[in-house]
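In terms of the working numbering, the sequence shown opens at residue 316 and continues consecutively.
Note that CB positions come from ideal geometry on N, CA and C, so glycine has one too.
Quantities reported herein were computed from a predicted structural model and do not represent experimental measurements.
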Amino acid sequence: MKKLIFIFFIQISFSQSPSILFEKANSSYIEGNYQDAINGYKQIIDNGLESSELYFNLGNCYYKLNKVAESNFYYEKALILSPNDKEVLNNLSFARNLRIDLIEDLPQTQIKNKIDFVTSRFSDRVWAYISIGSIILFFILSLLYLFSYKSSIKRFYFTLSLISLLFSIFFSSILWSNNKKKESISTGIIFSKELPVFSEPNIDDEIFILHEGTKVELIEKLIGWQKIKLSNGAEGWVAEGKIEKL
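Here it is in structure tokens:
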């Protein structure tokens, strides 16, 4: 496993207690007291704080304890906040190798792959900063255009302002698309050792069994039942309360 990432939280409202908790949790991890480290990291979460590094460290602890569901769950949460973090991706691949279920993704078109590649390059926070920056640049260039006297310079600033406007629209559309995708697609990790999947929301027609650590898409809920979809397109119903939502 890659080295533990160290971060320090400084929150005046909590009198720096999250920072102290994090240092203690890091020390527990180094000493091999993984459960104590988990307790410390979760106390930070209980204080209302989260970060990719925090979830990454939790994933590391659970991986050391051979906890399949938990390690996959927290690495996935870290990946949501840092979509292209190489250490998170690397450790998540190790955690996925602990799973029993080997599910191949449905093939996607080249266009879809390219779109996903672009939209997943940065987190939503970074896309928001880029969008705001391009909008600010547009207004600055527009002002320079308005207050310029030479026609050649005015044309230059007008062209640049138009380009920056197009970029701001493009970046904003990526951010909007990512947010809509998150609103429409909900995923989770199976926490049961074994989870029977049924064709209907009853126990009469079992179609296959899934195991802990498998990632599923959450489709629909009925009383006591949850409809799920796998990355290979297979769908079914499972008992409610067996999946932790990401």
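Fill in: Per-residue DSSP class, three states only, for Asn428
helix
Worksheet item: Tell me which same chain residues have a C-beta within less than 6 Å of the C-beta of Ala340, skipping the five on either side of it?
Response: Ala352, Gly355 and Tyr356
Discussion item. Using a Cβ distance threshold of 8 Å, determine whether the region 463 to 476 contacts the region 489 to 498, with at least three qualifying pairs required.
Written reply: no
Fill in: Distance between beta carbons of Gly539 and Phe513, contact taken as under 8 Å
The Cβ separation is near 12 Å, so there is no contact.
Fill in: Identified DSSP bridge partners for Gly363
Looking at the DSSP assignment, Gly363 forms no beta bridge with any residue, so it has no partner.
Worksheet entry | Beta-carbon gap between Val383 and Glu527 smaller than 8 Å | yes
Worksheet entry | CA nearest to the CA of Ile455, picked from Ala443, Tyr444, Asp439 and Tyr472 | Tyr472
Worksheet item: Does the distance from the CB of Ser438 to the CB of Leu396 come in under 8 Å?
Response: yes
Worksheet item: Going along the chain, which residues of its own chain have a beta-carbon closer than 7 Å to the beta-carbon of Lys619, five neighbours each way excluded?
Response: Lying outside 316 to 561, the shown extent of the chain, residue 619 is not represented and no answer is given.
Worksheet item: With distances taken from CA atoms, which of Glu346, Asn362 and Tyr349 is nearest Ser334?
Response: Asn362
Worksheet item: Should Gly503 be labelled buried (16 or more other beta-carbon atoms within 10 Å of its own) or exposed?
Response: buried
Item to complete: Would you mind reading off the limits of the beta strand (DSSP E) that contains Gly503?
Response: Ser501 to Ile505
Item to complete: Identify the continuous alpha helix (DSSP H) that holds Ile345 and give its terminal residues.
Response: Ser332 to Ile345
Worksheet item: Using DSSP with H/G/I as helix, E/B as strand and the rest coil, what is Ile455?
Response: helix
Worksheet entry | Straight-line gap, Ser507 to Lys557 (C-alpha atoms, nearest Å) | 6 Å
Worksheet item: Between the C-alpha atoms of Val553 and Thr529, what's the straight-line distance to the nearest angstrom?
Response: 13 Å
Fill in: According to DSSP, residues forming a beta bridge with Leu421
BP columns for Leu421 are empty, so no partner.
Worksheet item: When the Cα atoms are used, what is the spatial distance from Ala410 to Glu385?
Response: 9 Å
Worksheet item: Would you say Tyr460 and Ser476 are within 8 Å of each other, going by their C-beta atoms?
Response: yes
Worksheet entry | When Lys379, Ile505, Pro516 and Ile543 are compared against Phe388, the one with the closest alpha-carbon | Ile505
Practice prompt. Kindly indicate the opening and closing residues of the beta strand (DSSP E) around Lys542.
Written response: Trp540 to Lys544
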